[in-house]
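Below is one structure, written out as structure tokens, with a few remarks after it.
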Amino acid sequence: MAVNDIPPVTRRQALLAGGAAGLLLRPGTSHAAPSPASLPVRPTTLHIAPTTVELAPGITRRVLAYNGQVPGPVLRLPEGRPAWIRVTNGSDAPELVHWHGLDVGAVPDGATEEGSSVIQPGGTLDYRFVPPRSGTRWYHTHTMAMMDFSRALYSGQFGFLIVEPRRDPGRYDREVLLAAHHWDAGLPDMPRSPEECATPRYRYATFNGRLMQAAEPIRVRQGERVLFRFLNASATETVSLALPGHAFTVVALDGNPVANPAPVSVITLGVAERVDAIVHMNRPGCWVLGPTDPIQQTSGLGRVIEYAGRSGSPVWTPPPASDWDYALFGGTAAPPVEELRLDGIFPMLFERRPMPDGMEGWTINGRSYADLPPLHVRPGGRYLFRWINLSGCAHPLHLHRHNFTVLRHGMRRIGPIEKDTVQIGRFDTIDALFTADNPGDTLFHCHHQMHMDYGFMQMLRYT
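Just add 410 to the spot in the sequence shown (first one is 1) and you have my numbering.
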């Protein structure tokens with residue numbers, strides 16, 4: 411098995427593995443930093459360093475990665491138990507590790523804007539905390555790239571972080587982890603109209619660092635219920651996936667269980683989003699699990715699904731046209747905003763503006779991060795974000811150290827959806843409820859690397 415293939419695991423194996431991984435904890439009564447006596451005997455170690463990744467025989471790339479592999483090692487943390495990770499920086503520049511989707515303190519969160527420590531070249535930093543909620547999270551670098559396409563999320567610095575539940579979830583036979591990523595970014599074409607967006611062009615796209623033609627098939631048995639944990643670890647690209655003849659029953663978004671698990675033929679992930687979906691393997695054959703976008707297909711993104719006793723050329727058929735709709739998974743619609751007890755409403759308008767160097771700059775309420783004052787919240791307060799996208803670009807919106815609850819998408823009230831990253835479409839609107847329950851500076855930003863680098867960020871500050 412190649413170093414960057416993640417082997418499928420059974421439910422029992424996943425739960426038993428939980429004690430082998432480590433990570434930093436927010437202050438507070440229920441989430442105080444673990445005492446030395448309660449910590450694991452040894453830390454889990456992550457080493458950031460240049461490594462050569464083989465996307466396929468004869469196709470290699472020199473990238474920054476964790477422990478010499480892409481994705482980095484799967485970190486499995488038991489819910490509610492102390493964890494410890496030691497990160498060493500073997501690169502030539504300062505680095506940060508962000509624990510995406512975890513409710514940690516501001517200092518260990520891995521963002522300099524919040525006061526996190528950088529790891530200097532040759533330096534080491536220990537992270538300790540207790541993960542409070544089970545689910546599919548991930549870890550990744552949180553540096554800026556600007557136009558250096560070897561840095562930040564253009565590199566290979568990402569990996570799964572699974573917080574294992576205290577109880578066996580019991581709804582599937584085994585799990586498969588698939589992280590999408592795009593490689594060899596080139597200079598973007600500048601938009602010629604408000605409807606177009608600047609985004610890098612990529613040569614390759616992979617699951618778990620392997621092109622489809624070079625990856626081992628995912629071998630299944632008829633009747634199995636397989637939990638797929640999908641992660642979009644791209645720097646900039648949205649990914650839509652289908653498996654011909656099969657349905658994805660979505661059970662969690664960003665690691666958070668949904669109220670209404672619903673079957674869909676296509677799954678769409680904005681940058682940094684995760685989707686957990688169970689597939690009932692009931693159509694024997696050899697199939698392609700792959701993107702609906704023809705460009706991403708020719709770039710190599712996909713995996714072969716091979717039933718036991720079946721072989722031959724894998725089959726791909728385009729799925730019926732459909733729109734990804736968060737509302738499918740939310741259950742009963744949320745009450746109108748007027749009926750909510752709120753401590754404040756934050757309207758946030760997202761717009762594009764040209765930069766002197768010809769690049770796209772991004773603003774929130776007319777100002778970019780450098781001159782944008784923070785939003786002030788009080789501990790325990792409930793606030794409504796009203797996100798209004800006035801651009802022709804979709805934006806994966808991420809809030810550090812907290813979840814939020816999507817209540818309205820476009821003109822519709824929807825059943826509550828708990829997320830830490832949500833994709834707002836072109837000229838779209840989203841209302842999201844936020845509870846200020848994790849004191850400390852908190853970064854909000856678009857997770858599209860170019861948008862974040864060019865101003866699309868704002869700080870929330872507890873007062």
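All C-beta atoms, glycine included, are put in the ideal place defined by N, C-alpha and C.
- Contact between Phe638 and Val689 holds, with the beta-carbon distance rounding to 6 Å and staying under 8 Å.
- Bounds of any beta strand (DSSP E) do not take in Ile705; it lies within the alpha helix (DSSP H) bounded by Pro704 to Thr708.
- As DSSP reads the structure, Ile688 sits in a beta bridge with Leu637 and Thr659.
- Between Thr815 and Leu843, the beta carbon gap of about 4 Å places them in contact (Cβ cut-off 8 Å).
- Leu817 has its alpha-carbon roughly 34 Å from the corresponding atom of Gly482.
- Shown here, Asp536 sits in a strand according to DSSP, grouped into three states.
- In chain order, Pro627, Arg629 and Cys696 place their CB closer than 6 Å to the CB of Glu716, counting only its own chain and leaving out the 5 sequence neighbours on each side.
- Residue environment for Pro467: exposed (fewer than 16 other C-beta atoms within 10 angstroms of its C-beta).
- The shortest CA-to-CA distance from Asp847 to any of His857, Pro806, Val484 and Arg788 is the one to Arg788.
- Cβ-Cβ separation between His591 and Ser644: approximately 6 Å, consistent with a contact (criterion under 8 Å).
- For Asp863, the enclosing alpha helix (DSSP H) begins and ends at Gln859 to Asp863.
- A direct Cα-to-Cα measurement between Glu606 and Gln632 gives close to 44 Å.
- With contacts defined by Cβ atoms closer than 8 Å, Thr659 and Ala672 form a contacting pair.
- If the five residues before and after Thr678 are omitted, its C-beta is found closer than 6 Å to the C-beta atoms of Ser650 and Trp734, all from its own chain and listed in chain order.
- Non-local C-beta neighbours of Arg611 in its own chain, meaning closer than 6 Å and more than five positions away in sequence, comprise Gly596, ordered along the chain.
- Counting every other CB atom within 10 Å of its CB across the protein chains shown gives Asn618 a total of 16 or more, marking it as buried.
- DSSP lists Val660 as the bridge partner or partners of Ala672.
- Distance from Pro784 to Leu870 at the Cβ level is roughly 6 Å; contact confirmed, criterion being Cβ atoms closer than 8 Å.
- At least 8 Å separates the beta-carbon of Met821 from that of Gly710.
- Where Ser650 is concerned, the enclosing beta strand (DSSP E) starts and stops at Val649 to Ala652.
- Going by C-alpha positions, Asp767 is about 53 Å away from Arg693.
- Around the beta carbon of Gln567, a 10 Å sphere encloses 16 or more other beta carbons of the protein chains shown; the residue is thus reported as buried.
- The C-beta distance from Pro575 to Val540 rounds to 14 Å, too long to meet the 8 Å contact threshold.
- At the C-beta level, Gly712 and Pro730 stay beyond 8 Å of one another.
- As summarised for the stretch 467-547, the continuous beta strand (DSSP E) elements at least 3 residues long and confined to that stretch are 469-476, 485-488, 493-499, 507-510 and 534-539, given in chain order.
- By alpha-carbon distance to Trp509, the top candidate from Gln706, Ser675 and Arg486 is Arg486.
- Beyond the five residues adjoining it in sequence on each side, Met758 comes within less than 8 Å, by CB distance, of Ile774, Asn775, Phe795, Arg796, Trp797, Ile798 and Gln868 in the same chain, given in chain order.
- By the Cβ neighbour-count rule, Gln530 is exposed, with fewer than 16 other Cβ atoms within 10 Å of its own.
- Residue burial is scored here from C-beta neighbours: Ser560 has fewer than 16 other C-beta atoms within 10 angstroms and is therefore classed as exposed.
- Judged by beta-carbon spacing, Val473 lies within the 8 Å limit of Val463, meaning their Cβ atoms are closer than that value.
- Residues Glu524, Gly525, Gly850 and Asp851 of the same chain have their beta carbon placed closer than 6 Å to that of Ala516, with the five preceding and five following residues left out of the count.
- Taking Ala780 as the centre and dropping the five residues before and after it, the same chain places the C-beta of Gly865 closer than 8 Å to its C-beta, in chain order.
- Within a 10 Å sphere around the beta-carbon of Gly790 sit fewer than 16 other beta-carbons, which makes this residue exposed.
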